[in-house]
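2 protein chains.
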Amino acid sequence: MPVAPWRAPLAAALHRNRRLSHARYVQLATVRTDGRPANRTVVFRGFLENSDRLQIVTDARSQKVAQVAQIEGNTWGEACWYFPKTREQFRLSGRLILVNGDRVEIPLQQARRAAWEALSDRGREGFAWPPPGQPRAESDAFEGLQPDPSEPLPQFCLLLLDPDGVDLLQLRSHPHDRRCYQRQEDGTWLTHRVNP
Amino acid sequence: MPVAPWRAPLAAALHRNRRLSHARYVQLATVRTDGRPANRTVVFRGFLENSDRLQIVTDARSQKVAQVAQIEGNTWGEACWYFPKTREQFRLSGRLILVNGDRVEIPLQQARRAAWEALSDRGREGFAWPPPGQPRAESDAFEGLQPDPSEPLPQFCLLLLDPDGVDLLQLRSHPHDRRCYQRQEDGTWLTHRVNP
Numbered sequence: 001m002p003v004a005p006w007r008a009p010l011a012a013a014l015h016r017n018r019r020l021s022h023a024r025y026v027q028l029a030t031v032r033t034d035g036r037p038a039n040r041t042v043v044f045r046g047f048l049e050n051s052d053r054l055q056i057v058t059d060a061r062s063q064k065v066a067q068v069a070q071i072e073g074n075t076w077g078e079a080c081w082y083f084p085k086t087r088e089q090f091r092l093s094g095r096l097i098l099v100n101g102d103r104v105e106i107p108l109q110q111a112r113r114a115a116w117e118a119l120s121d122r123g124r125e126g127f128a129w130p131p132p133g134q135p136r137a138e139s140d141a142f143e144g145l146q147p148d149p150s151e152p153l154p155q156f157c158l159l160l161l162d163p164d165g166v167d168l169l170q171l172r173s174h175p176h177d178r179r180c181y182q183r184q185e186d187g188t189w190l191t192h193r194v195n196p
Numbered sequence: 001m002p003v004a005p006w007r008a009p010l011a012a013a014l015h016r017n018r019r020l021s022h023a024r025y026v027q028l029a030t031v032r033t034d035g036r037p038a039n040r041t042v043v044f045r046g047f048l049e050n051s052d053r054l055q056i057v058t059d060a061r062s063q064k065v066a067q068v069a070q071i072e073g074n075t076w077g078e079a080c081w082y083f084p085k086t087r088e089q090f091r092l093s094g095r096l097i098l099v100n101g102d103r104v105e106i107p108l109q110q111a112r113r114a115a116w117e118a119l120s121d122r123g124r125e126g127f128a129w130p131p132p133g134q135p136r137a138e139s140d141a142f143e144g145l146q147p148d149p150s151e152p153l154p155q156f157c158l159l160l161l162d163p164d165g166v167d168l169l170q171l172r173s174h175p176h177d178r179r180c181y182q183r184q185e186d187g188t189w190l191t192h193r194v195n196p
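Below is the structure:
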């Protein structure tokens with residue numbers, strides 16, 4: 001299967017905005033167990049090999065994992081990715097796939113391990129902190145934590161977003177340019193140019 | 001009622017990031033009619049006078065209005081606001097209130113009119129474009145549009161987000177600092193310091 005047609009404009013946007021450290025920050029929306037939307041900033045960690053699935057990392061103890069795990073295989077997310085320099089917005093909508101330590105698929109476990117190894121020491125440290133969202137622990141609970149760089153902590157998860165719809169808005173031109181990409185049953189993509 | 005306790009750190013973040021034009025861009029999550037999350041970038045247009053309600057503007061013909069209008073009075077949103085310079089994230093969760101031309105409350109109509117007048121000519125022009133999301137119209141449909149700056153087009157809406165929960169994450173320090181603010185029944189706010 002060739003890569004999706006929205007990958008080329010996304011790669012171009014990443015390249016043109018590469019000097020902005022926050023160009024890899026994306027806002028990921030999910031639905032809470034009470035039906036309200038949730039939204040938080042996550043870091044794009046590249047695509048899963050040979051796929052159009054976006055990789056992010058998360059802590060199994062976080063709320064978003066509870067939101068993803070509630071209906072396994074039927075959990076949706078929408079990432080909103082704004083590139084300040086080129087004034088482009090990608091909205092990527094699709095299923096979320098949680099890869100925790102229990103997943104048996106070898107390529108997914110390899111990807112989870114690779115994501116752990118690619119983190120900085122400080123990034124790995126965050127996963128050893130006391131449980132997120134709980135009342136603030138004493139400061140010594142945050143000290144002296146040096147997780148093994150070659151062995152992911154059990155709470156370390158890879159989260160994959162598998163887009164089946166992408167909405168690209170380019171604000172540079174006036175009027176703006178907007179394209180919608182939709183994945184078909186057979187895995188191919190349709191592209192429509194729509195009004196902004 | 002005094003302003004909410006998260007207003008001071010938000011005002012400080014806005015001030016410290018004021019040189020970034022996109023510091024007023026916020027990602028707003030809602031839930032689609034099919035239960036999937038939606039997420040898009042919107043522009044913060046200040047607070048509604050004498051309130052903690054965030055103002056944004058939108059087109060009645062857009063999907064987000066369909067999402068807000070579906071269950072009037074019971075529609076939730078979560079804004080995720082990341083400030084690149086100070087490395088702070090505000091997540092603001094609450095009810096969405098749509099102010100279209102039919103709303104009879106005079107202060108809300110005044111706020112809608114003021115928001116229209118505050119737009120640039122180009123900003124107002126966008127509301128006169130052919131319906132968003134429809135197949136791309138011919139280019140002449142986007143030309144010669146000069147809506148009256150003193151009279152909002154019928155499709156022009158003010159959208160208010162009335163936060164009842166705010167989650168502030170500050171990434172500058174290591175470990176990070178995180179505070180949750182919750183509005184109580186009586187309108188006062190509780191603040192908790194939690195693990196990041």
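So the sequence lines, in the order shown, correspond to chains A and B.
Reminder that position 35 of the first sequence reads as 35 in UniProt numbering, one-by-one numbering, no gaps.
Reminder that position 168 of the second sequence reads as 168 in UniProt numbering, one-by-one numbering, no gaps.
Just so you know, even glycine gets a beta-carbon here, dropped at the ideal spot from N, CA and C.
What you are looking at is a predicted structure, and each value in this text was computed from that prediction instead of being measured.
Out of the options, point me to the one whose CA is closest to residue i's CA.
| i | options | result |
| --- | --- | --- |
| Ala-118 of chain A | A:Thr-188, A:Ala-23, A:Arg-45 and A:Glu-138 | A:Arg-45 |
| Leu-171 of chain A | B:Ala-115, B:Pro-131 and B:Arg-122 | B:Arg-122 |
| Ala-111 of chain A | A:Thr-86, A:His-174, A:Leu-92 and A:Asn-50 | A:Asn-50 |
| Asp-140 of chain A | B:Arg-124, B:Pro-175 and B:Gln-89 | B:Pro-175 |
| Leu-98 of chain A | A:Tyr-82, A:Met-1 and A:Gln-55 | A:Gln-55 |
| Lys-64 of chain A | A:Leu-158, A:Leu-10 and A:Asp-167 | A:Leu-158 |
| Pro-163 of chain A | A:Gln-89, A:Gly-94 and A:Ser-120 | A:Gly-94 |
| Pro-147 of chain A | A:Trp-189, A:Gly-126, A:Thr-30 and A:Val-31 | A:Gly-126 |
Return the chain-ordered list of same chain residues with a C-beta closer than 7 Å to the C-beta of residue i, the five sequence neighbours on each side being excluded.
| i | result |
| --- | --- |
| Arg-24 of chain B | Val-43 and Phe-44 |
| Pro-132 of chain A | Asp-59, Arg-61 and Ser-62 |
| Arg-7 of chain B | Asp-52 |
| Pro-9 of chain A | Leu-168 |
| Ser-150 of chain B | Glu-117 |
| Phe-83 of chain A | Ala-13, Asn-17 and Ala-23 |
When you compare only the Cα positions, how much space is there between residue i and residue j?
| i | j | result |
| --- | --- | --- |
| Leu-92 of chain B | Arg-40 of chain B | 15 Å |
| Asn-17 of chain B | Asp-102 of chain A | 42 Å |
| Ala-4 of chain A | Ala-13 of chain A | 15 Å |
| Leu-153 of chain B | Ala-128 of chain B | 8 Å |
| Ala-114 of chain A | Leu-48 of chain A | 11 Å |
| Gly-187 of chain A | Tyr-181 of chain B | 44 Å |
| Trp-76 of chain A | Ala-38 of chain B | 10 Å |
| Trp-81 of chain A | Leu-20 of chain A | 13 Å |
| Pro-130 of chain B | Pro-130 of chain A | 52 Å |
| Ala-79 of chain A | Ser-173 of chain A | 23 Å |
| His-22 of chain B | Lys-85 of chain B | 11 Å |
| Pro-2 of chain A | Leu-169 of chain A | 23 Å |
| Glu-138 of chain B | Arg-178 of chain A | 14 Å |
| Arg-53 of chain A | Thr-191 of chain A | 19 Å |
| Arg-124 of chain B | Pro-196 of chain A | 14 Å |
| Leu-28 of chain A | Phe-142 of chain A | 27 Å |
| Pro-135 of chain A | Leu-96 of chain B | 29 Å |
| Gln-89 of chain A | Asp-167 of chain A | 8 Å |
| Val-26 of chain B | Val-26 of chain A | 12 Å |
| Arg-183 of chain B | Ser-120 of chain A | 37 Å |
| Glu-185 of chain B | Leu-161 of chain B | 18 Å |
| Gly-165 of chain B | Trp-189 of chain B | 9 Å |
| Ile-106 of chain B | Val-31 of chain A | 34 Å |
| Arg-36 of chain A | Arg-36 of chain B | 11 Å |
For residue i, which residues of its own chain have a beta-carbon under 6 Å away from its beta-carbon, when the five flanking residues on both sides are left out?
| i | result |
| --- | --- |
| Leu-108 of chain B | Val-99 |
| Gly-144 of chain B | none |
| Trp-116 of chain B | Pro-152 and Phe-156 |
When we look at the beta-carbon of residue i and count the other beta-carbons within 10 Å, is it buried (16 or more) or exposed?
| i | result |
| --- | --- |
| His-15 of chain B | exposed |
| residue 198 of chain A | Residue 198 of chain A is absent from the structure shown; chain A starts at 1 and stops at 196. |
| Arg-193 of chain B | exposed |
| Val-57 of chain A | buried |
| Gln-67 of chain B | buried |
| Val-104 of chain A | exposed |
Could you name the residues that DSSP lists as bridge partners for residue i?
| i | result |
| --- | --- |
| Gln-27 of chain A | A:Thr-41 and A:Cys-80 |
| Phe-47 of chain A | A:Leu-54 |
| Gln-89 of chain A | A:Tyr-82 and A:Leu-169 |
| Ile-106 of chain B | DSSP, once it has assigned bridges, lists no residue as partnering Ile-106 of chain B. |
| Pro-135 of chain B | A:Val-194 |
| Phe-156 of chain B | B:Asp-59 |
| Ser-189 of chain B | Note on residue identity: the sequence assigns Trp, not Ser, to residue 189 of chain B. Answer is B:Arg-183, bridged to Trp-189 of chain B. |
| Gly-94 of chain B | B:Gly-77 and B:Pro-163 |
Starting from the C-beta of residue i, find all residues in its chain whose C-beta is less than 8 Å away, skip the five residues before and the five after it, and write them out in chain order.
| i | result |
| --- | --- |
| Ala-11 of chain A | none |
| Arg-87 of chain B | Gln-170, Leu-171 and Arg-172 |
Should residue i be counted as a contact of the ligand ADP given a C-beta to heavy atom distance under 7 Å?
| i | result |
| --- | --- |
| Gln-134 of chain A | Absent from the structure shown: the ligand ADP. Ligands present: none. |
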